[in-house]
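Colleague: First the structure, then my questions, so here it is.
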Amino acid sequence: MTFYLLLPLTRILKNIVVLGMGGSAIGGDLLSDYLVDELSNPIMVIRGYDIPKFIDEDSLVFAVSYSGNTEETFSALKKCFEVKARVIVLTSAGKFAVLSQGNNFPLIKVPVGIQPRAAISYLFFPVLKALERLGLIKGRGGEIEETLNILQELSREYGAKSPLKNNFAKKVALSLYQYLPLVYGSEGLLKAVAMRWKTQINENSKWPCFWNVFPELDHNEIVGYEIENNINRQVKIVYLQDKEGSLRVEQRRGITRKIIENKVAEFIICPTKGKGKMARMFSLIYLGDLVSYYLAILNQIDPSPVACIEDLKKELAK
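As numbered in my numbering, residues 8 to 325 make up the sequence shown, in order.
So this is what it looks like as structure tokens:
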């Protein structure tokens, strides 16, 4: 479809929902963080078979499945049709495309042949543009241009041809090799980015990784470091630092580091690049993606296949 077919809404929305799983859902999480200061109706991401009762004809629902066959999201999508929600489908093919065309709902088709987690630009920007066309947010031309410039710069800095001494992504990957990464973001802009780091290390590097956010982790997780043990000595904390973020969060980070730094293997700080929110967010997404790629190389494994997920799907299909 063309975005020019999406006209500004003529009725008030009660809520905005993104349906998705895994790599198809993360775009919704990122948009929720990115647009939290602009949207009067925050974006809620639903991962699962069912939908909450509040979804009805006054709901705007983006059903996102890169493959077009995600079991859980397909179930939720059909239930959104039943309650007459306003649905926009984003997919490359599959049952989602057939169902949306059969029900005459807007369909945004993206290129095929990419792992969902590698299609993040196709799962973030079309929803952003749709929200703009519907009159819910302002245009983002300037921020998109800055983001592209930052990513082009970082592609040279973090790329495979860039030597280790000048390559922060390679340095972080080498530091994390054979350790347990804990990725700490901050409530707001870098919450979903921290989740993205975790899932990319899981899927690309085939390695355990966990995440949390400030300030919440200061109310529970830091207590887990009180007793010195061999598990904590295997932990390396990656702190995603928003250079334009909350001063109070930075104060918390500094104090937290003092408390736990000597009880873990290392505390690594990864700062954002750029000025605008989008550039800052995507600068760390890009860093995390390449860190996970270089970790896969260190682990001597192909980052692309996800055998465990495919095996699970085969068992479920029996």
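Cβ atoms here follow ideal geometry from the backbone N, Cα and C, with glycine treated the same way. Note that the structure is predicted; figures quoted are calculated from it, not measured.
In whole angstroms, what separates the C-alpha of S107 from that of F88?
Modeller: Your numbering for residue 107 matches position 100 in the sequence shown. Your numbering for residue 88 matches position 81 in the sequence shown. When rounded, the distance between both Cα atoms is 10 Å.
Colleague: Pull up the distance between the alpha-carbon of S169 and that of V242, whole angstroms please.
Modeller: Position 162 of the sequence shown holds residue 169. Position 235 of the sequence shown holds residue 242. Roughly 27 Å between the two C-alpha positions.
Colleague: From G30 to R287, what distance separates their C-alpha atoms?
Modeller: Position 23 of the sequence shown, counted from the first residue, corresponds to residue 30. Position 280 of the sequence shown, counted from the first residue, corresponds to residue 287. If I take the Cα positions, the gap works out to 20 Å.
Colleague: Could you tell me which of N239, L319 and G34 sits nearest to P123, measuring between CA atoms?
Modeller: In the sequence shown, residue 123 corresponds to position 116, counting from 1. Looking at the Cα atoms, G34 is the closest of the given residues.
Colleague: With respect to the alpha helix (DSSP H) encompassing M202, which residues constitute its N-terminal and C-terminal limits?
Modeller: Sequence index remark: in the sequence shown, residue 202 carries index 195 (1-based). K198 to S212 is the span of the alpha helix (DSSP H), which, as asked, contains M202.
Colleague: Could you give the distance in angstroms between the alpha-carbon of N237 and the alpha-carbon of K270?
Modeller: Here residue 237 refers to the residue found at position 230 when the sequence shown is read from its first residue. Here residue 270 refers to the residue found at position 263 when the sequence shown is read from its first residue. Straight-line Cα distance between these residues: approximately 10 Å.
Colleague: Have a look at G142, I121 and V71 and flag the residue whose alpha-carbon is nearest the alpha-carbon of L46.
Modeller: Here residue 46 is taken as the residue at index 39 of the sequence shown, counted from 1. Cα-wise, what sits closest to L46 is G142.
Colleague: What does a CB cutoff of less than 6 Å around K86 pick up in its chain, not counting 5 residues either side in sequence?
Modeller: If you number the sequence shown from 1, residue 86 lands on position 79. So the list reads I58, once near-sequence residues are dropped.
Colleague: Use the C-beta contact count for D296: other C-beta atoms within 10 angstroms, 16 or more gives buried, fewer gives exposed.
Modeller: Residue numbering aside, residue 296 sits at position 289 when the sequence shown is read from its first letter. The residue in question, D296, is buried, as its Cβ has 16 or more Cβ neighbours within 10 Å.
Colleague: Short of 8 Å in beta carbon distance, which residues of its chain neighbour K282, apart from the five on each side in sequence? Order them along the chain.
Modeller: Against the sequence shown, residue 282 aligns to sequence position 275. The residues are E153 and E251.
Colleague: Rounded to whole angstroms, what is the Cα-Cα separation between W204 and I62?
Modeller: For this step, residue 204 is matched to residue 197 along the sequence shown. For this step, residue 62 is matched to residue 55 along the sequence shown. Looking at the two C-alpha atoms, the distance is approximately 30 Å.
Colleague: Which residue or residues does DSSP assign as beta-bridge partners of Q248?
Modeller: Here residue 248 refers to the residue found at position 241 of the sequence shown. Answer by DSSP bridge pairing, in chain order: P278.
Colleague: Excluding five sequence neighbours on each side, which residues of the same chain lie with their C-beta closer than 6 Å to the C-beta of L189?
Modeller: In the sequence shown, counting from the first residue as 1, residue 189 sits at position 182. Answer for L189: F217, V242 and I244, listed in chain order.
Colleague: Does the beta carbon of L67 come closer than 8 Å to any beta carbon on chain D?
Modeller: The structure shown contains no chain D; it is built from a single protein chain.
Colleague: Check P123 in the structure and name its three-state DSSP category.
Modeller: As a first step, residue 123 is located in the sequence shown; it is residue number 116 there, counting from the start. It is helical.
Colleague: Is T80 near M28, with beta carbons less than 8 Å apart?
Modeller: The sequence position of residue 80 within the sequence shown is 73, counting from 1. The sequence position of residue 28 within the sequence shown is 21, counting from 1. Contact: yes.
Colleague: Per DSSP, what kind of secondary structure is Y129 in: helix, strand or coil?
Modeller: Taking the first residue of the sequence shown as 1, we reach residue 129 at position 122. Looking at Y129 - three-state DSSP - the assignment turns out to be helix.
Colleague: Which of the three DSSP states is assigned to N76 in this structure?
Modeller: To locate residue 76, count along the sequence shown from 1; it is residue 69. Coil at N76, not helix or strand.
Colleague: Can you tell which of L38, N174 and K60 has its C-alpha closest to the C-alpha of K21?
Modeller: Along the sequence shown, one-based indexing puts residue 21 at 14. Among L38, N174 and K60, the Cα nearest to that of K21 is on K60.
Colleague: Tell me which residue opens and which closes the beta strand (DSSP E) that G142 is part of.
Modeller: On the sequence shown, residue 142 is found 135 positions in, with the first residue counted as 1. Careful: G142 lies outside any beta strand (DSSP E) and carries neither H nor E.
Colleague: What is the rounded straight-line gap between the Cα of E6 and the Cα of S74?
Modeller: No answer is possible for residue 6: it lies beyond the span of the chain, which begins at 8 and ends at 325.
Colleague: Quick test of your reading: A176 and L294, contact by CB under 8 Å. State the CB separation rounded to the nearest angstrom.
Modeller: Start at 1 with the first residue of the sequence shown, and residue 176 comes out as number 169. Start at 1 with the first residue of the sequence shown, and residue 294 comes out as number 287. With a Cβ gap of about 6 Å, A176 and L294 count as contacting.
Colleague: Between L323 and L291, is the Cβ-Cβ spacing less than 8 Å?
Modeller: By one-based count along the sequence shown, residue 323 stands at place 316. By one-based count along the sequence shown, residue 291 stands at place 284. No; because the gap between Cβ atoms is not below 8 Å, this pair is not in contact.
Colleague: Could you compute how far the alpha carbon of V25 sits from the alpha carbon of C277?
Modeller: Translated into positions along the sequence shown, residue 25 becomes position 18. Translated into positions along the sequence shown, residue 277 becomes position 270. The alpha-carbon atoms of V25 and C277 are separated by roughly 29 Å.
Colleague: Could you check where the beta strand (DSSP E) with L26 kicks off and where it finishes?
Modeller: Position 19 of the sequence shown, counted from the start, is the residue given in the question as residue 26. From DSSP, the beta strand (DSSP E) with L26 extends over N22 to L26.
Colleague: For P215, which option in K320, L84 and L302 has the closest C-alpha, if you only look at C-alpha atoms?
Modeller: Along the sequence shown, one-based indexing puts residue 215 at 208. Comparing Cα-Cα distances from P215 to each of K320, L84 and L302, the minimum goes to L302.
Colleague: Alpha carbon to alpha carbon, what distance is there between I234 and Y129?
Modeller: The residue given as residue 129 occupies position 122 in the sequence shown. The residue given as residue 234 occupies position 227 in the sequence shown. Going by the C-alpha atoms only, they are around 45 Å apart.
Colleague: Could you check the C-alpha separation between Q307 and Y300 for me, to the nearest Å?
Modeller: As a first step, residue 307 must be located in the sequence shown, where it is residue number 300. As a first step, residue 300 must be located in the sequence shown, where it is residue number 293. So the alpha carbons of these two residues sit roughly 11 Å apart.
Colleague: Taking all protein chains shown into account, do 16 or more other C-beta atoms lie within 10 angstroms of the C-beta of N111, making it buried, or fewer, making it exposed?
Modeller: Taking the sequence shown and counting its residues from 1, the one referred to as residue 111 is at position 104. Counting Cβ neighbours within 10 Å, N111 comes out exposed, since fewer than 16 surround it.
Colleague: Beta-carbon separation of A104 and L84 under 8 Å?
Modeller: As a working mapping, residue 104 is identified with position 97 in the sequence shown. As a working mapping, residue 84 is identified with position 77 in the sequence shown. Not in contact: A104 and L84 (Cβ atoms no closer than 8 Å).
Colleague: Between N239, I229, V94 and K284, which has its C-alpha nearest R259's C-alpha?
Modeller: As a working note, residue 259 is residue 252 in the sequence shown. Closest by alpha carbon: I229.
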